[in-house]
Amino acid sequence: MTQLKLAEGEHLFTSESVTEGHPDKIADQISDSVLDECLSQDPYSRVACETLVNTGMAVISGELTTTAHLDIPELVRETVCGIGYDQGEYGYDGNHISVLVSMDKQSPDIAQGVDTGIETRTGGSSDQFDLDGAGDQGMMFGYATNETEALMPMPIQIAHRLSERLSLVRKDGT
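Residues are numbered in the numbering used here as their position in the sequence shown, beginning at 1, plus a constant of 2.
And the structure:
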């Protein structure tokens with residue numbers, strides 16, 4: 003194994019980016035398609051959609067508050083086929099996967115927290131940002147940098163561009 007010796011005070015920063023056919027990306031795209039369809043029909047939709055994919059199946063679970071009418075199995079199949087998994091020889095075929103859906107109405111406790119912040123319920127503030135509620139989760143990490151025009155760190159920018167190109171070549175053969 004090759005080892006890279008770094009000088010005192012130097013560091014190596016790497017990043018990875020998976021292509022759209024990676025199971026995590028497939029799951030993300032399925033969840034995104036459910037959200038997009040809800041929002042296209044009902045802009046006030048609240049969607050907490052989790053997806054798990056495995057050989058021959060997709061499991062869609064979560065909570066919805068929406069007036070949208072969805073055919074989730076069809077959305078799943080369209081998304082998977084759109085990625086390029088549309089033949090059995092690929093090991094995953096959107097036309098023939100089993101789709102298990104378990105979506106419930108959003109819990110009243112979470113809905114209350116999203117509808118109005120505690121400041122609204124207690125009269126504790128008149129600031130609009132305080133009056134708005136929040137969902138049940140959220141933790142992010144990131145930063146902007148001037149290393150690239152996209153304001154992303156160079157290693158992740160390169161990784162993303164390579165992944166995009168791999169997908170393009172796979173789809174159109176260039």
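Just so it is clear, CB atoms sit at the ideal spot from N, CA and C, and this is done for glycine as well.
Note to self: Short of 8 Å in beta carbon distance, which residues of its chain neighbour H71, apart from the five on each side in sequence? Order them along the chain.
What the structure shows: Closer than 8 Å at Cβ, skipping near neighbours: Q43.
Margin query: Out of M105, Q89, T4, S63, which one is the CA nearest neighbour of H98?
Written below: Taking H98 as reference, the option from M105, Q89, T4, S63 with the minimal CA-CA separation is Q89.
Notebook entry, point to check: Does the beta-carbon of Q5 have 16 or more other beta-carbons within 10 angstroms, so that it is buried, or is it exposed?
Noted result: Result: exposed.
Note to self: So, under 8 Å CB-CB, R172 and G86 are touching, yes? Tell me the CB distance rounded to an integer number of Å.
What the structure shows: About 7 Å; that satisfies the 8 Å criterion.
Margin query: For G93 and D106, I'd like the C-alpha separation in whole angstroms.
Written below: Rounded to the nearest whole angstrom, the C-alpha separation of G93 and D106 is 31 Å.
Margin query: Could you check whether T53 and A29 sit closer than 8 Å to each other, using their CB atoms as the reference points?
Written below: Closer than 8 Å, so yes.
Next item on the list: Measure the Cβ-Cβ separation of E39 and L66 and say whether it is below 8 Å.
Entry: By the CB criterion at 8 Å, E39 and L66 fall outside the cutoff.
Check: Buried or exposed: V20, going by 16 or more other Cβ atoms within 10 Å of its Cβ?
Finding: Exposed, because fewer than 16 other Cβ atoms sit within 10 Å of the Cβ of V20.
Next item on the list: Inspect the beta-carbon positions of V61 and V49 and report whether they are closer than 8 Å.
Entry: A distance of 8 Å or more separates the beta carbons of V61 and V49.
Checklist line | Cutoff 7 Å; reference V103; Cβ partners in own chain excluding five residues on either side | finding: Here V103 has I62, I74, P75 as same chain residues with Cβ atoms under 7 Å from its own Cβ, once five neighbours each way along the sequence are excluded.
Margin query: Taking a contact to mean a Cβ-Cβ separation below 8 Å, would you say T147 touches P155 in this structure?
Written below: Going by C-beta atoms, T147 is nearer than 8 Å to P155.
Check: Out of A9, K7, S17, which has the shortest C-alpha to C-alpha gap to G144?
Finding: Nearest neighbour of G144 by Cα position, chosen from A9, K7, S17, turns out to be S17.
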